[in-house]
Every structure is written in structure tokens, then in C-alpha cells.
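Peer 1:
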Amino acid sequence: MDVSSLYTVIPHTDGIEAMRQVLSESPLYRGPPVEFVLEFLSLILYNNHFRFEDQWYLQVAGTSMGSSMAPMYANVFMYIYETQHILTPYRENIISFYRYIDDLLILWRGTLTEAHEMVNELKVLPTPIRFTANISDEKVKFLDLELSYEFNKIQYTLYTKLTDRNTLLHARSAHPIMLKNSIPKSNLQQFKPG
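Quick note: the sequence shown, position 81, residue 80 per numbering that gives the first Met the number 0, numbers continuous.
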């Protein structure tokens, strides 16, 4: 399953509340006081202006995809969302659950009909979170993999999206040097067996 436009649809109040809950309940959190963090989070979210062509806009929901806090913010929000709306109500049918930001893989023990019903129930929740789902008992795509279940094992092959243009970042781009230096290694890792 994939969350449609996750970064831009998270309601500010829900995202801030999710952050409050995770920071307050985490025994590992040792950072600044929670209210201090939430104040800065609010400042970022409620003052995110962007320019499109010659117009300036205020983003009233979600967060900027280019913001350094966006992946962490989306992860925290999705952790609370999946716990409340997926893992708790459907735990008896979930064998395994994996998520990378807005991409979800659920290994399901129920029927295909029950899996479709779960997705349909998620679609009508009073939240802007919407999913697209590829439900199959043969093959599914998750991130850069196509997964299948054969010979009592999960098998995988490398999957390339149809929209992939196989382009690389130009060496003279304004991106940080560490990011540019990591590109060859990350591309070579795709070909590394197992």
C-alpha cells in the first residue's frame, strides 16, 4: 500500500499531537522539553510559505517535502496512524507489517476479500490519509522490490518503476557533496546479491 501525498496532507493539529504522544511516551527521548520541541514544530508548520510562479502561498496542511524535519514528522504521524487504524483493529489478520515512510507492506493471513475490505474501511476514515493498494496472493511491489511467495519462501527481484527515467544527479548540482558522493555506492548496492 502507498499513502497518497503523505507529506502534504498531514493535518497540523494531528501531526503535532502525534509528536507530543511519541515524545512523551518514549523512554528513550532525552532531548529538550517536549513543549519546547512542539513550539518549534508549530512555528515550522504554521509558517511554511512557498512560491509558485509569481505567487506566494501559505501551506495550511502537511509539511514541505524539502524540509529536513519532514521525513521524521511523517514517520511519527504514520506510527500513530498505523497503530490506531491498522495494527490494532486488524492485528489478527496481520502476519507481518513493514513501512518505509509512506510505503506499506502487510503480509496478510485473511482472504483477499478481507484485505480489500480493510483498505476500503481505511478510505472512509475521517482523515485525509488515502491509500492506493496492490493486493495480490501472487506478487506485490514494495519499494524497489517485487516480492512473491514460492517454495515456502519469500522471493524477490529488483523492481524498477515505469516512471523511472534512469537519470542521475548532475555533478555540478547544488546538492550537498555527501549526497552526491553517496550516489555511486547506493546504485551499486542494487546489484549486490541478497
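Ideal Cβ placement from N, Cα and C applies to all residues, glycine included.
Relative to the alpha-carbon of residue 102, which residue among 19, 78, 38, 94 has its alpha-carbon at the smallest distance?
Peer 2: Taking the sequence shown and counting its residues from 1, the one referred to as residue 102 is at position 103. Checking every option, the nearest Cα to that of residue 102 belongs to 78.
Peer 1: Along the chain, where does the alpha helix (DSSP H) containing residue 188 start, and where does it finish?
Peer 2: The sequence position of residue 188 within the sequence shown is 189, counting from 1. It spans 176 to 188 - the alpha helix (DSSP H) in which residue 188 sits, taken as one unbroken run.
Peer 1: Give the secondary structure of residue 13 by DSSP, where H, G and I count as helix, E and B as strand, and everything else as coil.
Peer 2: Reading the sequence shown from its first residue, position 14 is the one you call residue 13. Residue state, collapsed to three classes: helix.
Peer 1: At a cut of 8 Å, does the region 22 to 29 reach the region 147 to 161 through at least three beta carbon pairs?
Peer 2: no
Peer 1: Assign residue 112 to one of two classes, buried (16 or more other C-beta atoms within 10 Å of its C-beta) or exposed (fewer than that).
Peer 2: On the sequence shown, residue 112 is found 113 positions in, with the first residue counted as 1. Result: exposed.
Peer 1: Looking only at its own chain, which residues have a Cβ that is under 6 Å from the Cβ of residue 106, when we skip the five neighbours before and after it?
Peer 2: Start at 1 with the first residue of the sequence shown, and residue 106 comes out as number 107. These residues qualify, in order along the chain: 94, 95.
Peer 1: With a CB to CB cut of under 8 Å and the five nearest residues on each side skipped, what residues in its chain are close to residue 19?
Peer 2: Looking up residue 19 in the sequence shown gives position 20. Around residue 19: 33, 37.
Peer 1: Do you know how far the Cα of residue 142 is from the Cα of residue 116?
Peer 2: In the sequence shown, residue 116 corresponds to position 117, counting from 1. In the sequence shown, residue 142 corresponds to position 143, counting from 1. Approximately 23 Å, taken between the alpha carbons.
Peer 1: Run through the region 2 to 69 for me and flag every whole alpha helix (DSSP H) of 4 or more residues, listed as ranges in chain order.
Peer 2: 5 to 8, 11 to 24, 33 to 45
Peer 1: Could you check which residue in 127, 139, 68 has the C-alpha nearest to that of residue 0?
Peer 2: Locating residue 0 in the sequence shown gives position 1, where the first residue counts as 1. For the residues 127, 139, 68, the minimum Cα distance to residue 0 belongs to 139.
Peer 1: Could you give the residue range of the alpha helix (DSSP H) that holds residue 103?
Peer 2: In the sequence shown, the residue the question calls residue 103 occupies position 104. No alpha helix (DSSP H) holds residue 103; the beta strand (DSSP E) holding it covers 102 to 107.
Peer 1: CA-CA distance, residue 68 and residue 80?
Peer 2: On the sequence shown, position 69 is the one that residue 68 refers to. On the sequence shown, position 81 is the one that residue 80 refers to. If I take the Cα positions, the gap works out to 18 Å.
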